[in-house]
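Q:
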Amino acid sequence: MPGGEVMQEADNARAYTEAVRMVLGELDRGAHLPEMPGRGAIADMIGRGLAVVSGLAADLQPAGWRLTGGGVGVDQRRARSLLSQDLDTVEELAQDYDGIFKVQVAGPWTLAASVEKPRGDKILADHGARRDLAQGLAEGLRDHVADVRRRMPRAARLVVQIDEPALPAVMQARIPTASGFGRHRRVDPPEASALLAEVLGAVTAAGAEAWVHSCAAEVPWGLVSGAGATGLLVDLDRVDATAIDHLATHLEGGGALGLGVVPSTDPTSELSDKAVTERVLRWLDMVGFDPEEYAGQLVVTPSCGMAGASTSWARRALGLAGATARHLS
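Here it is, written out as structure tokens:
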């Protein structure tokens, strides 16, 4: 391996160790496995997802990730190796951690809209291929949950966050074809629910809680909750009147609700935990929920992923989320 690549990997390892320390320090009761997509395609949401998927081989092409007809490609092996290394780091630094611990992975519909079939075009275009992908993700998640549980036996609860930013576009025929001149046909709600339910069911069967996150607009939260998600993670700025009804029903049914109220990138002005707490309380008042009654079901989060945030803001944002959660409880 060239010297420059060795140095870069060492720098990435140090940065990841610092990220884990930051998460454990700021979120002492609700930590998570950090994602650092700046390390390249093998570390971003799609690369992480393909690292978990079982029984399907993939590799990187100029246009992005593509399934291969042969064995596991070198890039998929690198993605799996990096995920294992990251888990090694967490295992080493969180030996005494006994709170809630969360890992995250791209969902079946976001993967289907992002990964190509062996001969081109998205998996989304092929009913059989997208079913195989969902099954492979479900199987891989069973193993992944078992691995995380073995590494963190003292964690009180294990949560698997299924990221589905592409779900609304998949269901509204907004995913472009390979040519860029057309759009893939919409996926009907029964199929969208069925494949999502297969993945969520695998997480639950493995002994973890299945939560779904999307910071997109027009997410069909009723469908997501009905597919078996025990937690919903939303960007509060993108919650419309229809979504409020579904979120309220989910909360009343005993489900967890993550409110994305902390900016995911550096804000232009100072933000206090008091201001964030007041915003959450205003929203709860608007929808008619007593914060004392539902505090145990609420989670405070950044509005979306923090890949574009500075290190200082990432630390501050985690601190604000933790402080707000303590105020609410």
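In the working numbering, the protein residues as written are -19 to 309.
We put the beta carbon where it would ideally sit given N, CA and C, even for glycine.
Note that the coordinates shown come from a computational prediction; the quantities given were computed from them, not determined experimentally.
#1: Please confirm whether Gln84 and Asp127 have their CB atoms less than 8 Å apart.
#2: Within 8 Å of any Cβ in chain C, is that where the Cβ of His12 sits?
#3: Anyone know if the C-beta pair for Trp45 and Val95 falls short of 8 Å?
#4: Would you kindly work out how many angstroms separate the C-alpha atoms of Leu216 and Ser283, rounded to a whole number?
#5: Could you tell me whether the Cβ atoms of Gly211 and Val139 are closer together than 8 Å?
#6: Determine the contact status of Ala135 and Gly79, defining contact as a CB-CB distance below 8 Å.
#7: Measuring alpha carbon to alpha carbon, tell me which of Phe161, Gly160, Val179 and Ala146 ends up nearest Ser194.
#8: Thinking C-alpha only, which one of Trp191, Ser290 and Gly51 is nearest Leu278?
#9: Short of 7 Å in beta carbon distance, which residues of its chain neighbour Thr(-3), apart from the five on each side in sequence? Order them along the chain.
#10: Any idea what DSSP makes of Ser205, helix, strand or coil?
#11: Please give me, in chain order, every unbroken run of the beta strand (DSSP E) with length at least 3 that falls completely inside the segment 199 to 287.
#12: Nearest to Phe161 by CA position, among Leu203, Ala255, Asp101 and Gln65, is which residue?
#13: Which stretch, first to last residue, makes up the alpha helix (DSSP H) that contains Arg122?
#14: Please classify Pro243: is it buried, with 16 or more other beta-carbons within 10 angstroms of its beta-carbon, or exposed?
#15: With distances taken Cα to Cα, identify the nearest neighbour of Val199 among Arg218, Glu171, Ala182 and Ala186.
#16: Strictly by DSSP, which residues pair up with Gln141?
#17: Where do the N-terminal and C-terminal ends of the beta strand (DSSP E) with Gly44 fall, by residue?
#18: Quick one: residues in its chain with C-beta nearer than 6 Å to the C-beta of Asp270, no 5 flanking neighbours on either side, listed in chain order?
#19: When you compare only the Cα positions, how much space is there between Arg295 and Val179?
#20: With a cut-off of 8 Å on the beta carbons, I'd call Leu63 and Arg19 a contact; round off their distance for me.
#21: Going by Cα to Cα distance, which pick from Met16, Leu121, Arg99 and Val150 is closest to Asp(-9)?
#22: Measure the CB-CB distance between Arg165 and Gln152 and report whether it falls below 8 Å.
#23: From which residue to which residue does the alpha helix (DSSP H) around Asp55 run?
#24: Express the C-alpha separation of Gly49 and Asp246 in angstroms, rounding to a whole number.
#25: From Ala21, Val52, Gln41 and Pro42, pick the residue whose C-alpha is nearest to that of Val33; which is it?
#26: Who does Gly10 pair with in a DSSP beta bridge?
#27: Would you mind reading off the limits of the beta strand (DSSP E) that contains Ala38?
#28: In the DSSP output, what is Arg163 paired with across the bridge?
#29: Under the DSSP definition of a beta bridge, which residues are partnered with Lys97?
#30: CA-CA distance, Arg306 and Thr257?
#31: Using the rule of at least 16 other Cβ atoms within 10 Å of the residue's Cβ for burial, across every protein chain shown, is Glu6 buried or exposed?
#32: Near Ala118, what residues of its chain come up, given a Cβ to Cβ distance below 6 Å and the 5 sequence neighbours on each side ignored?
#33: Between the Cα of Ala31 and the Cα atoms of Leu67, Leu298 and Gly288, which residue gives the shortest distance?
#34: From what residue to what residue does the alpha helix (DSSP H) around Glu171 run?
#35: Kindly indicate which residue of Gly35, Ala21 and Lys82 has the alpha-carbon position closest to the one of Asp55.
A: The answer reads as follows:
#1: no
#2: No chain C is present in this structure, which holds just one protein chain.
#3: yes
#4: 7 Å
#5: yes
#6: yes
#7: Ala146
#8: Trp191
#9: Thr69
#10: helix
#11: 211 to 215, 236 to 242 and 278 to 282
#12: Asp101
#13: His107 to Arg131
#14: buried
#15: Arg218
#16: Gln84 and Trp191
#17: Gly44 to Leu47
#18: none
#19: 32 Å
#20: Not really, about 11 Å apart at Cβ, beyond 8 Å.
#21: Met16
#22: no
#23: Val54 to Leu73
#24: 43 Å
#25: Val52
#26: Ile80
#27: Ala38 to Gln41
#28: Pro156
#29: DSSP lists no partner for Lys97.
#30: 10 Å
#31: buried
#32: Glu178, Val179 and Ala182
#33: Leu67
#34: Pro169 to Ala185
#35: Ala21
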